[in-house]
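Shown next, in structure tokens, is the structure this report addresses.
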Amino acid sequence: MLKIGQFNRLHVVEIFPFGYELLAYGGSSEQLVMLKDTSHVYTMGQELDVFVYTHADGSFLGAIDAPKVMLHQFAPLVVVGASDHGCFFDWGIKPDLYAPEGQLHTNLDIGTRYVVYALQDRIGKLVATTKIERFLHEHSQELSPNQAVSLLIYAQTPLGYKAIVNGEFQGLLFNSDLITSVKMGDYLEGFVKSVREDGKLDLALQVQTPQARLNLSEQILEDLIAHDGMSTVTDKSTPDEIFARFKVSKAAYKKAIGNLYKQKKIRIEKNCLYLNQDTV
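Using my numbering, you'd call the opening residue of the sequence shown number 700 and step up by one each time.
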């Protein structure tokens with residue numbers, strides 16, 4: 700049987716001016732796949748690894764190159780068209796990937812990127828959905844604090860950004876832990892900040908170990924010494940200003956200068972930080 704939305708090993712059974720007809724080994728005539736490819740030359744009987752998907756009329760199409768998303772995967776895709784019953788995404792091959800109206804969580808704008816999940820509809824056709832959270836695990840006991848993870852940003856909330864973690868879990872990246880601007884569809888490398896009691900994941904873009912906090916404190920002190928004991932980067936500075944100087948989030952910076960203040964190594968005034976003289 701053909702595996703729709705995945706790569707299949709097929710062989711050439713017919714050659715046409717506009718492409719090739721392919722068949723899966725051990726298959727029947729119902730499993731014929733049309734590869735509309737005139738940029739490569741193949742021979743009768745040649746074996747090919749081909750991505751198989753379905754045309755609107757139910758026939759099978761093939762592609763040599765991998766699309767931007769395959770079955771049971773998440774990916775950021777751009778909307779390139781719309782109809783009364785759904786919209787179309789650019790997934791790197793033709794025709795565009797269709798998302799029925801019932802699979803859309805909101806009205807989508809042409810030219811805008813959204814994170815989708817690829818699935819098969821009730822008749823087996825590959826389609827996209829933006830209702831992706833039902834395909835994500837909300838809880839995880841497999842991950843631990845400070846573990847490195849891959850993130851795909853898929854939604855924004857008042858608290859921060861929702862991310863797909865390692866392609867299967869959902870987590871939250873708080874605004875206070877951002878070290879740079881992010882947007883929908885961004886792939887990022889991050890860390891598990893904490894695993895709540897219910898298994899939900901809080902995320903960060905930097906490791907949150909005590910050693911990392913100690914290193915940041917040392918950097919702040921060295922920066923103050925290098926600038927004659929004074930710095931205009933305070934807890935009131937913007938995240939971009941803090942990141943430009945220390946490559947950390949505003950939350951991490953505020954915590955570090957708070958600890959230094961408690962240790963009486965610095966004093967904090969309205970627009971500046973000052974190094975206490977007995978710290979040098």
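Ideal Cβ positions, reconstructed from N, Cα and C, are used throughout, including at glycine.
Owing to the predicted nature of the structure, the values given are computational and were not obtained by experimental measurement.
Taking a 10 Å sphere around the C-beta of Lys961, we find fewer than 16 other C-beta atoms and assign the residue as exposed. If you check the CB distance, Gly884 and Val814 come in under 8 Å. Under DSSP, no beta-bridge partner is assigned to Phe945. Note that the C-beta distance between Gly761 and Met743 is not below 8 Å. The Cβ-Cβ distance between Leu877 and Ala862 does not fall below 8 Å. Cβ neighbours of His739 within its own chain (closer than 8 Å, five residues either side excluded): Ile763. Ser782 is bridged by DSSP to Gly785. Inter-residue distance for Leu851 and Gly866 is about 8 Å (C-alpha atoms, whole angstroms). Taking all protein chains shown into account, Asn806 has fewer than 16 neighbouring C-beta atoms within 10 Å of its C-beta and is therefore exposed. In this structure, DSSP gives Lys963 a state outside helix and strand, which the three-state scheme calls coil.
For the segment 863 to 946, the continuous alpha helix (DSSP H) assignments of 4+ residues that do not extend past its boundaries occur at 909 to 925, 938 to 945, in sequence order. For the pair Asn874 and Gly889, the CB atoms are not nearer than the 8 Å cut-off. Take the alpha-carbon of Lys899 and the one of Gln869: they are about 8 Å apart.
By the criterion of a C-beta distance shorter than 7 Å, Lys830 is surrounded in its chain by Gln802, His804, once the five residues flanking it on both sides are discounted. By the Cβ-count criterion, Gly810 is exposed, with fewer than 16 other Cβ atoms from all chains shown falling within 10 Å of its own Cβ.
Assignment of beta strand (DSSP E) within the segment 746 to 819, counting only whole runs of 3 or more residues, yields 746 to 753, 759 to 762, 773 to 782, 785 to 789, 796 to 799, 812 to 819 in chain order. Three or more beta-carbon pairs separated by less than 8 Å link the segment 971 to 978 to the segment 928 to 939, which places the two stretches in contact. Considering only Val712, Glu940, Ala951, Ile919, the residue with the shortest C-alpha distance to Ala903 is Ala951. Residue pairing of Tyr719 in beta bridges, as defined by DSSP: Ile714, Leu734. Beta-bridge partners of Ser849 (DSSP): Glu888. By the criterion of a C-beta distance shorter than 8 Å, Phe717 is surrounded in its chain by Lys735, Thr737, once the five residues flanking it on both sides are discounted.
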